[in-house]
Amino acid sequence: MDLSVRIGALRLKNPLMSASGCFGYGMEYADVVDLSTLGAVVVKGLFLAERPGHPPPRIVETPAGMLNAIGLQGIGVHRFVREKMPELRARGATVIVNICGTTIDEYTEIARILSDVEGVAALELNISCPNIKEGGISFGCNLVNTRQVVSAVRKATPLPLIPKLTPNVTDVSSFAHVAEEAGADAVSLVNTFLAMAIDVETRRPRLSNVMGGLSGPAIRPIAVRMVYECARLVRIPVIGMGGIASAADVLEFMIAGATAVQVGTANFVDPFIWGKLESGVREYMRRHGIERVSELTGTLDIPGEKRA
Ligand SMILES: Cc1cc2nc3c(=O)[nH]c(=O)nc-3n(C[C@H](O)[C@H](O)[C@H](O)COP(=O)(O)O)c2cc1C
-16 MDLSVRIGAL RLKNPLMSAS GCFGYGMEYA DVVDLSTLGA VVVKGLFLAE
34 RPGHPPPRIV ETPAGMLNAI GLQGIGVHRF VREKMPELRA RGATVIVNIC
84 GTTIDEYTEI ARILSDVEGV AALELNISCP NIKEGGISFG CNLVNTRQVV
134 SAVRKATPLP LIPKLTPNVT DVSSFAHVAE EAGADAVSLV NTFLAMAIDV
184 ETRRPRLSNV MGGLSGPAIR PIAVRMVYEC ARLVRIPVIG MGGIASAADV
234 LEFMIAGATA VQVGTANFVD PFIWGKLESG VREYMRRHGI ERVSELTGTL
284 DIPGEKRA
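For the sequence shown, our numbering assigns the number -16 to the initial residue and increments by one for each residue that follows.
This is how it looks when you write it as structure tokens:
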């Protein structure tokens, strides 16, 4: 049975990756998960400098999901390279670094720094960050800004480039299309949905930042729909995520068109989920006589509609 998948020039041993921000910098989970068994470890988003993030409360449980406003806390790219990369390399992890910026120059500088670091397999571009030159609106909510940031980073690095799309737009597939035209090797989606929760007794917001991002099973059907729409439009691989908590969920995203998937919130509920996801996918493949997991991508069978 072949679980390997290709993301541009990158070959992953299986389609299961940790989602950024839900697996620390990888080493935090090294005692419970053999990092070398994951398709890739996608690390917490990195800005150029260290950032404290928002004050607590930063996480709220919601029905079938969770709301977070961490505020992209992080150790910055230089400390990551010095303190985290040596251990990740030693553990044999395939490392994808999620990068953030508040200007295009910040994105390109981080990309340049990471291009020279041994063991960085690809860059995931978190374009949900606020663009401070445009009044703080997220790069990923505007097609022109999305094209500019992806093109600029494309020129700054030979590493495989994976823009991560925000779902907080009307037509996410047009953003996937622009990312592809600007030179992306793949796109990943979805990031969290902008949301909020209120404590009615105090009439205060439950998060210090008032609004945050919704993740977990609550968002899965919307994420599956968005992955399906993007995969139909672009030729580059689509990496799907949003509420994956079982092998059936992995398969659902792949059938919708994902080449690989990421798992975020479910890892907080069950850090041992990885082995279960892999064995569940293998069991399905055995039952359906599937030799290579990549055969599953985009195989949705809509009654009455001809398959491409
Ligand atoms: C606590 C937390 C922190 C996150 N931090 C990041 C981040 O730094 N960069 C990023 O691109 N996405 C970040 N995300 C979004 C996740 O990577 C993922 O896109 C989203 O949670 C949907 O997947 P899930 O439902 O499996 O969690 C974060 C999500 C959570 C819950």
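Don't be surprised by glycine CBs; every beta carbon is placed ideally from N, CA and C.
C-alpha gap between residue i and residue j, whole angstroms
| i | j | result |
| --- | --- | --- |
| residue 306 | residue 194 | There is no way to answer for residue 306, as the model of the chain reaches only from -16 to 291. |
| residue 137 | residue -10 | 16 Å |
| residue 132 | residue 83 | 11 Å |
| residue 85 | residue 123 | 12 Å |
| residue 204 | residue 66 | 38 Å |
| residue 192 | residue 274 | 48 Å |
| residue 148 | residue 130 | 12 Å |
| residue 153 | residue 76 | 36 Å |
| residue 53 | residue 284 | 39 Å |
| residue 114 | residue 13 | 34 Å |
| residue 230 | residue 134 | 35 Å |
| residue 258 | residue 287 | 37 Å |
| residue 225 | residue -15 | 25 Å |
| residue 265 | residue 79 | 24 Å |
| residue 172 | residue 223 | 5 Å |
| residue 10 | residue 92 | 25 Å |
| residue 167 | residue 252 | 32 Å |
| residue 289 | residue 282 | 11 Å |
| residue 49 | residue 190 | 11 Å |
| residue 107 | residue 81 | 4 Å |
| residue 237 | residue 280 | 5 Å |
| residue -6 | residue 23 | 10 Å |
| residue 188 | residue 51 | 12 Å |
| residue 8 | residue -12 | 23 Å |
| residue 216 | residue 126 | 16 Å |
Cβ-heavy atom distance, residue i to ligand 1, below 7 Å
| i | result |
| --- | --- |
| residue 179 | no |
| residue 138 | no |
| residue 230 | no |
| residue 21 | no |
| residue 55 | yes |
| residue 67 | no |
| residue 175 | yes |
| residue 227 | yes |
| residue 3 | yes |
| residue 273 | no |
| residue 134 | no |
| residue 202 | yes |
| residue 198 | yes |
| residue 224 | yes |
| residue 84 | no |
| residue 147 | yes |
| residue 59 | no |
| residue 237 | no |
| residue 81 | yes |
| residue 209 | no |
Cβ-heavy atom distance, residue i to ligand 3, below 7 Å
| i | result |
| --- | --- |
| residue 248 | In terms of ligand content, the structure shown lacks ligand 3 and carries ligand 1 instead. |
For residue i, three-class secondary structure by DSSP
| i | result |
| --- | --- |
| residue 253 | coil |
| residue 131 | helix |
| residue 103 | strand |
| residue 154 | coil |
| residue 229 | coil |
| residue 207 | helix |
| residue -9 | coil |
| residue 286 | coil |
| residue 57 | strand |
| residue 88 | helix |
| residue 145 | strand |
| residue 165 | coil |
| residue 188 | strand |
| residue 239 | helix |
| residue 35 | coil |
| residue -4 | coil |
| residue 159 | helix |
| residue 121 | strand |
| residue 76 | coil |
| residue 281 | coil |
Which residues DSSP lists as bridging residue i, in chain order
| i | result |
| --- | --- |
| residue 1 | 246 |
| residue 45 | 48 |
| residue 176 | 197 |
| residue 62 | None, per the DSSP bridge assignment. |
| residue 40 | Looking at the DSSP assignment, residue 40 forms no beta bridge with any residue, so it has no partner. |
| residue 275 | -15 |
| residue 223 | 172 and 244 |
| residue 264 | Its beta-bridge partners do not exist; DSSP assigns none. |
| residue 136 | Residue 136 is not bridged to any residue. |
| residue 296 | In the structure as shown, the chain starts at -16 and stops at 291, and residue 296 therefore has no counterpart that could be examined. |
* Asked: Given 8 Å as the limit, is there contact between the segment 189 to 203 and the segment 137 to 147, that is, 3 or more CB pairs closer than that?
  -> Output reads no: the segment 137 to 147 does not touch the segment 189 to 203.
* Flag this pair as touching only if the segment 204 to 220 and the segment 43 to 60 have three or more C-beta atom pairs under 8 Å; answer yes or no. => Touching, no.
* Count the C-beta pairs between the segment 41 to 50 and the segment 173 to 182 that are closer than 8 Å, then say yes if the count reaches three, no if not. => Taking a cut-off of 8 Å on C-beta distances, the segment 41 to 50 touches the segment 173 to 182, as three or more cross pairs fall below it.
* Do the segment 237 to 257 and the segment -2 to 17 touch if we need at least three Cβ pairs shorter than 8 Å? -> These segments touch.
* Asked: Quick check: the segment 21 to 40 against the segment 263 to 282, are there 3 or more CB pairs under 8 Å?
  -> With the cut-off at 8 Å, the segment 21 to 40 and the segment 263 to 282 do not touch.
* To do: Would you be able to state if there are at least three C-beta pairs under 8 Å between the segment 210 to 224 and the segment 159 to 166?
  => Yes, the segment 159 to 166 touches the segment 210 to 224.
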